[in-house]
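Participant: Shown below is the structure under consideration.
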Amino acid sequence: MAIMKADKLGVSVAKGPSLMTGAVPKKDWPDVEAIFKPGNYAYPAKKEMIEYHSQKTLPTHPGLFGEARDWDPETDDWKLPENWKEIILNGIKERLDKFRSLKIFMDCCVRCGACADKCHFFLGTGDPKNMPVLRAELLRSVYRNDFTLGGKILGKMAGGREMTFGVLKEWFMYFYQCTECRRCSVFCPYGIDTAEITMMGRELLHLVGVNINWIMEPAANSNRTGNHMGLQPHTFKDNIMYLCDDIEEITGIRVNPTFNRKGAEVLFITPSADVFAEPGIYTAMGYLLLFHHIGLDYTWSTYASEGGNFGLFTNNEMMKKLNGKMYAEAKRLGVKWILGGECGHMWRVVHQYMDTMNGPADFLEVPTSPITGTRFDNAASTKMVHISEFTADLIKHGKLKLDPKRNDHRIATYHDSCNPARAMGLIEEPRYVLKNVVNNFHEMPENTIRESTFCCGSGTGLNTDEIMELRMRSGLPRANAVKHVRDKHAVNMLSCVCAIDRATLTSLNNYWNPDVEVCGVSELVGNALVMEGEKERETGLRFEPLAGMEG
Amino acid sequence: MRILSPFIAVLALIAVALVAAQVPGGQALVGIILPYLAFALFLGGFAYRVLYWAKSPVPFRIPTTCGQANSLPWIKQNKIDCPSSKLGVIARMFLEVFLFRSLFRNTKAEMHEGPKLVYGSSKFLWLFAILFHYCFLVIILRHMRLFMDPVPGFVAALEFGDGFLQIGAPVFYQTDAIFLGAIAFLFLRRVMLSNIRYISLPGDYFPLFLIFGIAFTGILMRYVFRADVVAIKQLTHGLATFSPAIAAGQIGSIFFIHVFLVCALLIYIPFSKLMHMAGVFMSPTRNMVNNSRMVRHINPWNDPNIKPHSYAGYEDEFREFMKEGGIPVEKE
Numbered sequence: 002m003a004i005m006k007a008d009k010l011g012v013s014v015a016k017g018p019s020l021m022t023g024a025v026p027k028k029d030w031p032d033v034e035a036i037f038k039p040g041n042y043a044y045p046a047k048k049e050m051i052e053y054h055s056q057k058t059l060p061t062h063p064g065l066f067g068e069a070r071d072w073d074p075e076t077d078d079w080k081l082p083e084n085w086k087e088i089i090l091n092g093i094k095e096r097l098d099k100f101r102s103l104k105i106f107m108d109c110c111v112r113c114g115a116c117a118d119k120c121h122f123f124l125g126t127g128d129p130k131n132m133p134v135l136r137a138e139l140l141r142s143v144y145r146n147d148f149t150l151g152g153k154i155l156g157k158m159a160g161g162r163e164m165t166f167g168v169l170k171e172w173f174m175y176f177y178q179c180t181e182c183r184r185c186s187v188f189c190p191y192g193i194d195t196a197e198i199t200m201m202g203r204e205l206l207h208l209v210g211v212n213i214n215w216i217m218e219p220a221a222n223s224n225r226t227g228n229h230m231g232l233q234p235h236t237f238k239d240n241i242m243y244l245c246d247d248i249e250e251i252t253g254i255r256v257n258p259t260f261n262r263k264g265a266e267v268l269f270i271t272p273s274a275d276v277f278a279e280p281g282i283y284t285a286m287g288y289l290l291l292f293h294h295i296g297l298d299y300t301w302s303t304y305a306s307e308g309g310n311f312g313l314f315t316n317n318e319m320m321k322k323l324n325g326k327m328y329a330e331a332k333r334l335g336v337k338w339i340l341g342g343e344c345g346h347m348w349r350v351v352h353q354y355m356d357t358m359n360g361p362a363d364f365l366e367v368p369t370s371p372i373t374g375t376r377f378d379n380a381a382s383t384k385m386v387h388i389s390e391f392t393a394d395l396i397k398h399g400k401l402k403l404d405p406k407r408n409d410h411r412i413a414t415y416h417d418s419c420n421p422a423r424a425m426g427l428i429e430e431p432r433y434v435l436k437n438v439v440n441n442f443h444e445m446p447e448n449t450i451r452e453s454t455f456c457c458g459s460g461t462g463l464n465t466d467e468i469m470e471l472r473m474r475s476g477l478p479r480a481n482a483v484k485h486v487r488d489k490h491a492v493n494m495l496s497c498v499c500a501i502d503r504a505t506l507t508s509l510n511n512y513w514n515p516d517v518e519v520c521g522v523s524e525l526v527g528n529a530l531v532m533e534g535e536k537e538r539e540t541g542l543r544f545e546p547l548a549g550m551e552g
Numbered sequence: 036m037r038i039l040s041p042f043i044a045v046l047a048l049i050a051v052a053l054v055a056a057q058v059p060g061g062q063a064l065v066g067i068i069l070p071y072l073a074f075a076l077f078l079g080g081f082a083y084r085v086l087y088w089a090k091s092p093v094p095f096r097i098p099t100t101c102g103q104a105n106s107l108p109w110i111k112q113n114k115i116d117c118p119s120s121k122l123g124v125i126a127r128m129f130l131e132v133f134l135f136r137s138l139f140r141n142t143k144a145e146m147h148e149g150p151k152l153v154y155g156s157s158k159f160l161w162l163f164a165i166l167f168h169y170c171f172l173v174i175i176l177r178h179m180r181l182f183m184d185p186v187p188g189f190v191a192a193l194e195f196g197d198g199f200l201q202i203g204a205p206v207f208y209q210t211d212a213i214f215l216g217a218i219a220f221l222f223l224r225r226v227m228l229s230n231i232r233y234i235s236l237p238g239d240y241f242p243l244f245l246i247f248g249i250a251f252t253g254i255l256m257r258y259v260f261r262a263d264v265v266a267i268k269q270l271t272h273g274l275a276t277f278s279p280a281i282a283a284g285q286i287g288s289i290f291f292i293h294v295f296l297v298c299a300l301l302i303y304i305p306f307s308k309l310m311h312m313a314g315v316f317m318s319p320t321r322n323m324v325n326n327s328r329m330v331r332h333i334n335p336w337n338d339p340n341i342k343p344h345s346y347a348g349y350e351d352e353f354r355e356f357m358k359e360g361g362i363p364v365e366k367e
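Chains X and R, in that order, are what the protein sequence lines are. Here this note's numbering runs 1 ahead of the position in the first sequence, where the first position is 1. Here this note's numbering runs 35 ahead of the position in the second sequence, where the first position is 1.
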């Protein structure tokens with residue numbers, strides 16, 4: 002969908018009437034209707050996607066995805082089941098019983114407003130319902146009405162709201178204008194995490210068949226082909242082999258990755274976008290070079306060929322289902338441990354959910370780097386190590402031959418992805434790697450990095466083109482910080498450890514900061530690696546001329 | 036309406052108390068029966084709410100990590116904001132509960148032309164929240180004088196410290212003034228900041244008015260109406276020792292209004308957002324150890340029936356492609 006030019010949108014963000022610019026809506030928020038029009042919502046799932054999930058993905062759990070049907074958010078007939086309200090209320094009850102977090106987060110908010118201006122969606126849209134507190138109130142008002150004594154007696158006076166179609170519309174709009182980035186939860190005095198609220202909201206919406214295709218189709222692909230791109234085994238392999246050809250052309254070295262190989266020491270899993278789409282493929286070339294450089298005994302898998310997990314964006318059942326492949330494949334191949342590539346939400350799942358959902362991984366060993374002998378005790382139970390942890394350890398032990406001058410055409414900054422930063426605490430490892438492979442590195446402003454990092458604006462399955470303006474708005478806080486270091490330090494490369502970021506930050510920079518590129522940290526590692534027997538490199542992994550080699 | 040109705044509600048409470056203090060038997064009702072009832076409802080309601088929360092499991096380990104995790108030995112961990120041990124969590128919770136650590140992080144974002152976002156420090160909410168809560172605590176502890184005999188040393192010390200300016204007689208407690216000021220700040224902030232006003236509910240104004248009413252009647256009683264402390268202490272001490280009696284005609288109406296509002300607050304707490312005082316201890320994003328890759332967390336309702344799409348099924352669908360592509364298969 003064509004959207005207005007950046008300069009015009011910039012004026013609209015800074016001067017258009019919104020709560021961010023001081024214009025207070027005349028109506029109270031419960032009375033403001035959610036209106037769907039082209040550009041402000043992601044398309045609903047195709048009928049066959051819901052049929053697939055009901056029949057193939059989770060046939061054991063009927064009703065999780067509601068009824069398969071074609072429906073149009075712009076109309077007032079969403080073809081909901083007749084008893085949809087009952088389904089929602091029962092769904093809330095079930096989730097209150099299953100998640101203490103939901104109860105606490107429903108009961109404890111004092112509406113102090115500390116979260117209000119922490120959300121990138123609020124900063125970019127100025128829409129009051131994008132303040133995390135109000136996003137939660139959309140659900141909380143219904144909770145109060147039907148599940149608390151005060152609400153049952155005093156109703157509206159106690160902040161209660163009946164569950165109506167209007168409320169459902171708000172849920173669909175605003176639980177899909179949240180990327181579960183957890184930035185608000187850093188600032189909340191009670192740690193109320195809007196990611197939890199949004200997850201619950203989306204689970205509830207699924208029960209009545211309200212969903213978006215950009216999540217349901219990749220989830221279906223992940224289940225069937227092993228990766229969200231839907232790459233079949235031979236295509237997955239071919240793509241990587243093309244990357245090997247490129248590596249040979251650039252370095253003169255032939256790397257020989259293996260696939261589905263039993264008895265390998267390590268199983269490597271990364272988001273499938275890394276083997277398929279720019280600029281992720283350059284990150285993948287970095288992995289390939291690194292593993293060749295150290296002679297790692299590892300294998301790729303075409304069956305477990307997706308690090309990312311679109312289940313995280315739907316419900317916990319789907320998350321568990323899709324995640325299960327990682328351990329299943331590690332067991333089948335008989336590897337000792339799993340190494341994970343650069344991905345944000347993949348690591349939320351691996352770090353905070355995988356062992357609980359699909360463990361114990363007692364058939365694996367505590368990960369030990371075969372090169373340095375370092376035992377990764379921080380992954381003693383899950384048995385999965387992050388590529389940045391692995392690489393940082395290699396560099397610390399002097400096992401990599403690096404020539405950071407090869408990245409001298411790059412002036413880099415680093416974007417902390419939401420999940421590694423706020424749901425894992427992976428902050429220094431990638432920075433340590435970066436500082437060893439690039440000579441020019443500058444941090445973005447304090448309030449926009451580490452635990453205060455801003456989301457790319459398009460996570461949790463929102464990087465679909467039909468909501469491009471929303472994405473450019475919600476990504477503005479990130480883009481703005483990039484612009485700051487671009488203007489100040491001439492930064493021209495935004496590095497990150499997230500596959501969604503690599504895709505979405507590219508669109509975001511094309512829009513707001515056209516001269517800044519995006520890369521994975523491992524691409525910069527690959528560029529700097531001095532391979533044994535290589536030819537003199539004239540270009541980087543993108544076939545871009547190196548500094549001093551131009552023209 | 037969202038401001039006016041809770042204000043009227045508090046005025047109504049005051050009116051009821053005023054009437055009750057005049058009618059026969061009303062003083063005993065407000066001074067003896069109601070406090071017991073309110074205290075019982077407070078304890079019962081409080082316990083019920085905490086048990087209601089505790090009944091639900093914490094299926095996943097979901098701390099919000101606000102610093103570097105425990106990783107390679109040479110990488111410096113932030114042991115408090117990203118704790119990997121129980122001790123770290125205790126430190127994190129201590130800072131959260133006693134110093135409002137998260138609120139201290141608060142910033143204010145401003146949108147300027149460009150567009151350009153600017154983030155400034157914003158500590159006022161933290162400052163007044165801390166003042167409000169600590170003054171409230173000191174005032175409650177000071178009141179222990181009325182229920183305990185002999186008066187514990189820490190209460191006397193607190194009173195001495197609180198009145199160290201030695202202004203007026205009876206000595207003026209500075210917490211009283213700071214408390215009123217903090218409540219006023221929290222109220223004005225709610226009314227004057229457009230986004231905070233927009234999110235505020237009657238349930239946000241009501242406790243502010245109620246607590247202001249309590250503080251204000253307390254101050255009036257001490258400094259203006261000069262209530263008969265001996266008679267009051269007789270009553271309160273009687274309440275604490277389960278032998279309450281009211282010295283007829285010696286205690287002014289202002290006391291009964293004060294007590295009535297306190298009872299209203301006690302009863303209100305378990306049904307309201309004021310339960311954050313207990314909830315903060317149970318918030319899974321704050322009170323959990325970030326060690327989910329080190330120690331397996333158990334989910335009691337983990338569903339063993341959810342299994343991944345099997346490798347066999349995958350190979351069956353793609354076997355020919357795999358063989359052609361030179362990818363090993365299990366079945367030829």
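Heads up, the beta-carbon is just placed ideally off N, CA and C, and yes, glycines get one too.
(1) Is the Cβ-Cβ distance between Tyr512(X) and Ala15(X) less than 8 Å?
(2) Is Asn91(X) buried or exposed, if buried means 16 or more other CB atoms sit within 10 Å of its CB?
(3) How far does the beta strand (DSSP E) with Trp338(X) in it reach, from first residue to last?
(4) Just reading off the beta strand (DSSP E) that Val519(X) is part of, what are its end residues?
(5) Between which two residues does the beta strand (DSSP E) holding Glu145(R) run?
(6) Using the rule of at least 16 other Cβ atoms within 10 Å of the residue's Cβ for burial, across every protein chain shown, is Ala82(R) buried or exposed?
(7) Mind listing the chain X neighbours of Met317(R)? Cutoff is C-beta to C-beta under 8 Å, in chain order.
(8) Buried or exposed, going by whether 16 or more other CB atoms sit within 10 Å of the CB of Asp246(X)?
(9) Phe269(X) lies in the beta strand (DSSP E); which residues open and close that run?
(10) Of all the options Val143(X), Asp108(X), Ser13(X) and Lys263(X), which has the alpha carbon lying nearest to the alpha carbon of Gly156(X)?
(11) Given Lys332(X), which residues of its chain have a CB within under 6 Å of its CB, disregarding the five upstream and five downstream residues?
(12) Should Arg321(R) be labelled buried (16 or more other beta-carbon atoms within 10 Å of its own) or exposed?
(13) Name the residue from Met358(X), Gln353(X), Gly399(X) and Leu401(X) whose alpha carbon lies nearest to the alpha carbon of Ala380(X).
(14) Can you check whether the CB of Val350(X) is closer than 8 Å to the CB of Leu268(X)?
(15) Can you check whether the CB of Phe214(R) is closer than 8 Å to the CB of Ala250(R)?
(16) For Trp348(X), name the three-state secondary structure that DSSP assigns.
(17) Any residues in the stretch 82–104 of chain R with a beta carbon nearer than 9 Å to a beta carbon of chain X? Which ones, in chain order?
(18) Going by DSSP, name the residue or residues bridged to Gly155(R).
(19) Would you mind giving the Cβ-Cβ distance between Arg555(X) and Ile198(X), rounded to the nearest angstrom? I have them listed as a contact below 8 Å.
(20) In chain order, what residues of the same chain lie with their CB nearer than 7 Å to the CB of Ala35(X), ignoring the 5 residues before and after it?
(21) Run through DSSP, which three-state label would Phe220(R) get?
(22) Check whether the stretch 29–47 of chain X touches the stretch 461–468 of chain X, counting contact only when three or more Cβ pairs, one atom from each stretch, lie closer than 8 Å.
(23) Quick check on the burial criterion: 16 or more other C-beta atoms within 10 angstroms. Buried or exposed for Ala204(R)?
(24) Using beta carbons (cut-off 8 Å, strictly below), is Tyr283(X) in contact with chain R?
(25) Let's test the definition: count the other Cβ atoms within 10 Å of the Cβ of Gly127(X) and tell me whether it reaches 16, buried, or not, exposed.
(26) From what residue to what residue does the alpha helix (DSSP H) around His490(X) run?
(27) Out of curiosity, what's the CA-to-CA distance linking Thr142(R) and Asn224(X)?
(28) Which residues, in chain order, does the stretch 135–167 of chain R contribute to contact with chain X at a C-beta distance below 8 Å?
(29) What residue range is occupied by the uninterrupted beta strand (DSSP E) comprising Thr149(X)?
(30) Going along chain X in order, which residues have a C-beta closer than 8 Å to the C-beta of His293(R)?
(31) Given this structure, state the Cα-to-Cα distance separating Gly155(R) from Met146(R), to the nearest angstrom.
(32) So for Trp301(X), helix, strand or coil by DSSP?
(33) Considering Cα atoms alone, identify which of Ile234(R), Glu131(R) and Lys268(R) is closest to Phe370(R).
(34) For Thr76(X), which of helix, strand or coil comes out of DSSP?
(35) Check whether the stretch 190–210 of chain X touches the stretch 235–246 of chain X, counting contact only when three or more Cβ pairs, one atom from each stretch, lie closer than 8 Å.
(36) Can you confirm whether Val330(R), when its beta carbon is compared against all beta carbons of chain X, has any partner nearer than 8 Å?
Facilitator: Per the coordinate set shown:
(1) Walking along the first sequence from the start, residue 512(X) turns up at place 511. Walking along the first sequence from the start, residue 15(X) turns up at place 14. Judged by beta-carbon spacing, Ala15(X) lies beyond the 8 Å limit of Tyr512(X), meaning their Cβ atoms are not closer than that value.
(2) Residue numbering aside, residue 91(X) sits at position 90 when the first sequence is read from its first letter. Under this definition Asn91(X) is an exposed residue.
(3) Residue 338(X) sits at position 337 when you count from the first residue of the first sequence. Here the beta strand (DSSP E) through Trp338(X) covers Trp338 to Gly341.
(4) In the first sequence, the residue the question calls residue 519(X) occupies position 518. Its beta strand (DSSP E) spans residues Glu518 to Gly521.
(5) For the purposes of this step, residue 145(R) is taken as the residue at position 110 of the second sequence. Start and end: Thr142 to His147.
(6) Your numbering for residue 82(R) matches position 47 in the second sequence. Exposed, because fewer than 16 other Cβ atoms sit within 10 Å of the Cβ of Ala82(R).
(7) To locate residue 317(R), count along the second sequence from 1; it is residue 282. The contacting residues are Arg101 and Ile105.
(8) Here residue 246(X) refers to the residue found at position 245 of the first sequence. Exposed, by the Cβ-count rule.
(9) Translated into positions along the first sequence, residue 269(X) becomes position 268. Segment Val267 to Ile270, the beta strand (DSSP E) holding Phe269(X).
(10) For this step, residue 156(X) is matched to residue 155 along the first sequence. Considering only alpha carbons, the answer is Val143(X).
(11) What you label residue 332(X) is simply residue 331 of the first sequence in a count that begins at 1. Hits under 6 Å: Phe364.
(12) Translated into the one-based positions of the second sequence, residue 321(R) becomes position 286. By the 10 Å Cβ count, Arg321(R) comes out buried.
(13) On the first sequence, position 379 is the one that residue 380(X) refers to. Checking every option, the nearest Cα to that of Ala380(X) belongs to Gln353(X).
(14) Walking along the first sequence from the start, residue 268(X) turns up at place 267. Walking along the first sequence from the start, residue 350(X) turns up at place 349. No, Cβ-Cβ distance for Leu268(X) and Val350(X) is not below 8 Å.
(15) The count along the second sequence starts at 1 and reaches residue 250(R) at position 215. The count along the second sequence starts at 1 and reaches residue 214(R) at position 179. Yes, Cβ-Cβ distance for Ala250(R) and Phe214(R) is below 8 Å.
(16) Within the first sequence, residue 348(X) is the residue found at index 347, counting from 1. Residue state, collapsed to three classes: helix.
(17) Arg84, Tyr87, Trp88, Ala89, Lys90, Ser91, Pro92, Val93, Pro94, Phe95, Arg96, Ile97, Pro98, Thr99, Thr100, Cys101, Gly102, Gln103 and Ala104
(18) As a working mapping, residue 155(R) is identified with position 120 in the second sequence. Per DSSP, Lys143(R).
(19) Limits of chain X in this structure are 2 at one end and 552 at the other, which puts residue 555(X) out of reach.
(20) Position 34 of the first sequence, counted from the start, is the residue given in the question as residue 35(X). The answer, listed in chain order, is Lys170, Glu171 and Met174.
(21) Here residue 220(R) refers to the residue found at position 185 of the second sequence. It is helical.
(22) yes
(23) On the second sequence, position 169 is the one that residue 204(R) refers to. Exposed, because fewer than 16 other Cβ atoms sit within 10 Å of the Cβ of Ala204(R).
(24) Counting from 1 along the first sequence, the entry for residue 283(X) is found at position 282. Not one chain R Cβ lies under 8 Å of Tyr283(X).
(25) On the first sequence, residue 127(X) is found 126 positions in, with the first residue counted as 1. Answer is buried; the Cβ neighbour count reaches 16.
(26) Position 489 of the first sequence holds residue 490(X). First-last of the alpha helix (DSSP H) with His490(X): Leu477 to His490.
(27) One-based indexing of the second sequence puts residue 142(R) at position 107. One-based indexing of the first sequence puts residue 224(X) at position 223. Going from the Cα of Thr142(R) to the Cα of Asn224(X) covers about 42 Å.
(28) Phe135, Ser137, Leu138, Arg140, Asn141, Thr142, Lys143, Ala144, Met146, His147, Glu148, Gly149, Pro150, Lys151, Leu152, Tyr154, Leu160 and Ala164
(29) To locate residue 149(X), count along the first sequence from 1; it is residue 148. Here Thr149(X) belongs to no beta strand (DSSP E), and DSSP marks it neither H nor E.
(30) In the second sequence, residue 293(R) corresponds to position 258, counting from 1. Those do not exist, as His293(R) stays about 24 Å from chain X at its closest Cβ, beyond 8 Å.
(31) In the second sequence, the residue the question calls residue 155(R) occupies position 120. In the second sequence, the residue the question calls residue 146(R) occupies position 111. Taking the straight line from one Cα to the other gives about 11 Å.
(32) On the first sequence, position 300 is the one that residue 301(X) refers to. Residue state, collapsed to three classes: strand.
(33) There is simply no residue 370(R) to check, as chain R begins at 36 and stops at 367 in what is shown.
(34) Mapped onto the first sequence, residue 76(X) falls at position 75. Three-state result, Thr76(X): coil.
(35) no
(36) Along the second sequence, one-based indexing puts residue 330(R) at 295. Yes, because at least one Cβ of chain X sits closer than 8 Å to the Cβ of Val330(R).
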